[in-house]
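Remarks on the structure that follows.
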Amino acid sequence: MSVDWAAVREEFPALAHWTYLNTATFGQLPKRAVEASLGHFRHRDERACSDFLSWFDDADAIRGLAAQWIGAQAEDIAFVPNASSALAILLNGIAWRSGDRIVTLQGEFPNNLYIPALCQDRGVEFVEAAWETFYESINERTRLVALSTVNYTNGFRLPAEEVSAFLRQRGVLLYLDGTQSVGALRFDVAKVQPDMLAVHGYKWLLSPNGAGFVYIAPGLRQLLPPNVVGWRSDKRWRQVDHLHHGVPEFLDAAEKYEGGMLPFPCLYAMGASLEMLLEIGADVVERRVLELAAKLRAVLESKGGQIQHLGSPILAARFEGRDASALARELQAQRILVSARHGNLRVSVHLYNNEEDLERLRRAL
-13 MSVDWAAVRE EFPALAHWTY LNTATFGQLP KRAVEASLGH FRHRDERACS DFLSWFDDAD
47 AIRGLAAQWI GAQAEDIAFV PNASSALAIL LNGIAWRSGD RIVTLQGEFP NNLYIPALCQ
107 DRGVEFVEAA WETFYESINE RTRLVALSTV NYTNGFRLPA EEVSAFLRQR GVLLYLDGTQ
167 SVGALRFDVA KVQPDMLAVH GYKWLLSPNG AGFVYIAPGL RQLLPPNVVG WRSDKRWRQV
227 DHLHHGVPEF LDAAEKYEGG MLPFPCLYAM GASLEMLLEI GADVVERRVL ELAAKLRAVL
287 ESKGGQIQHL GSPILAARFE GRDASALARE LQAQRILVSA RHGNLRVSVH LYNNEEDLER
347 LRRAL
């Protein structure tokens, strides 16, 4: 498929003012996403919210787009405001036993490191393993592994299929946070087979804060009771003239974890961004970002940067004798946006970047 990348770039007004190499912090919003959100507000005014149930029909269509992007079924998808909420659904739903073990990797995003705050009073052991000893850290007491598909500080790309197969053979649950890759790198739940995949769309899915979703495997849904309930927890919730009073009868679908109202302005925007990405195609998007990442690597190494990991659109470089935070501030003063994370200069590229962005970075460095 031939893509007019210059036309794609025109969808993102912020790029007219900045050399933006910071999608690992925030993805930029395309015009169509902003218009979709504004269109919802206009529609509210026109109809005075009289047709609010139809908004849920639209949400189901967006649910289908999210499912399509990761190769899932719509009934496997629940909307969440962020990945933290998805992880809480899992941690609070498991019937933990004293001595159970949760494993993550060193240097993970804090979501996956703050697990003890929820589980320590239940006698659960929490282990932060080095990648080199990760497989050895899994033992017969390991109940859950919580990992990111791409590390936020150094760009390490998890071999998710390999990890998942290893854990399935041992009956260990796998939670993946795909926030730092889904939207740029292809993800297929049929191949990876995680028990849960959480995605906050404000980075690589080019969506507003608060627009997120979680894939919950059918088998896990049978074991995981909702720990937040609301008026939409009962499967008869659309009968608003006569809402059920009493113990809710849950749906079989992942929607049962949503509980109440949805952030429709955010979801309409995410739906528009998903449509744009699907029009281009997941394989094409991944090829684009990895090609840009390879060119970015050459730029950083030409200026003395030592790259931590390859294989993702996030490149973390260390420059000997230079403070990464100060360097990021110097670049921002030149309207070049990157980040500093744990001593690395973190530079990230998405489909809207181009070689001119990389050349401006090279000159500034």
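Residue numbers (our numbering): -13 to 351.
The beta carbon of each residue, even a glycine, is placed where N, CA and C say it ideally should be.
None of these values were measured; they are calculated from a predicted model.
Quick check: residue i and residue j, are their CB atoms within less than 8 angstroms of each other?
i           : j           : result
residue -6  : residue 344 : no
residue 324 : residue 7   : yes
residue 201 : residue 175 : yes
residue 149 : residue 143 : no
residue 288 : residue 348 : yes
residue 199 : residue 219 : no
residue 69  : residue 255 : no
residue 310 : residue 331 : yes
residue 109 : residue 85  : yes
residue 105 : residue 124 : no
residue 161 : residue 76  : yes
residue 5   : residue 274 : no
residue 51  : residue 264 : yes
residue 61  : residue 239 : yes
residue 191 : residue 168 : yes
residue 329 : residue 308 : no
residue 300 : residue 179 : no
residue 101 : residue 81  : no
Identify which residue in the options has its Cα closest to the Cα of residue i.
i           : options               : result
residue 327 : 319, 321, 335 and 314 : 314
residue 94  : 134, 297 and 205      : 134
residue 233 : 223, 154 and 127      : 223
residue 244 : 261, 271, 257 and 216 : 216
residue 183 : 254, -8 and 207       : 207
residue 251 : 3, -10, 185 and 28    : 28
residue 247 : 45, 268, 340 and 180  : 45
residue 231 : 221, 240, 238 and 239 : 221
residue 23  : 102, 334, 269 and 193 : 193
residue 271 : 298, 37 and 283       : 298
residue 111 : 129, 96 and 122       : 129
residue 163 : 151, 152 and 185      : 185
residue 97  : 113, 71 and 120       : 71
residue 147 : 159, 177 and 120      : 177
residue 157 : 126, 165 and 145      : 126
residue 241 : 30, 153 and 65        : 65
residue 210 : 103, 37 and 74        : 74
residue 181 : 166, 58, 329 and 33   : 58
residue 295 : 334, 307, 35 and 308  : 334
residue -10 : 54, 35 and 266        : 266
Under a Cβ-count criterion, where at least 16 other Cβ atoms within 10 Å of its own Cβ denotes burial, should residue i be classed as buried or exposed?
i           : result
residue 214 : exposed
residue 291 : buried
residue 49  : buried
residue 43  : exposed
residue 228 : exposed
residue 189 : buried
residue 138 : buried
residue 107 : exposed
residue 31  : exposed
residue 302 : buried
residue 187 : buried
residue 319 : exposed
residue 9   : buried
residue 170 : buried
residue 39  : exposed
residue 279 : buried
residue 259 : buried
Sorted by chain position, which residues of the same chain lie with C-beta nearer than 6 angstroms to residue i's C-beta, five sequence neighbours on each side aside?
i           : result
residue 78  : 213
residue 249 : 196
residue 11  : 325
residue 116 : 92
residue 268 : 172
residue 159 : 130 and 181
residue 317 : 324 and 350
What does a CB cutoff of less than 8 angstroms around residue i pick up in its chain, not counting 5 residues either side in sequence?
i           : result
residue 1   : -5, 14 and 338
residue 3   : 321
residue 257 : 22, 44, 47, 48 and 51
residue 306 : 290 and 292
Given residue i, which residues of its chain have a CB within under 7 angstroms of its CB, disregarding the five upstream and five downstream residues?
i           : result
residue 155 : none
residue 341 : 281
residue 261 : 51
residue 17  : -3 and -1
residue 26  : 250, 251 and 254
Report task. Note down, one range per segment and in chain order, each alpha helix (DSSP H) of at least 4 residues found wholly within the segment 166 to 227. Result -> Correct list: 175 to 178 and 204 to 209.
**Report entry** Contained alpha helix (DSSP H) runs [length at least 4] in the segment 24 to 77, N- to C-terminal order
**Finding:** Restricted to the segment 24 to 77, the alpha helix (DSSP H) segments that are unbroken, complete and at least 4 residues in length are 38 to 56, listed in chain order.
Query raised in the report: Which runs of the alpha helix (DSSP H), 4 residues or longer, sit entirely within the segment 242 to 288?
Result: Counting only runs of at least 4 residues, the segment 242 to 288 fully encloses the following alpha helix (DSSP H) elements, listed from N- to C-terminal order: 250 to 266 and 268 to 288.
Requested in this report: Output the residue ranges of the beta strand (DSSP E) runs that lie fully inside the segment 75 to 157 and measure 3 residues or longer, sorted by chain position.
Outcome: DSSP runs (the beta strand (DSSP E)) wholly in the segment 75 to 157: 87 to 91, 111 to 115 and 128 to 134.
**Report entry** Entirely enclosed alpha helix (DSSP H) segments - the segment 310 to 337, minimum 4 residues
**Finding:** Qualifying alpha helix (DSSP H) stretches, in chain order: 310 to 319.
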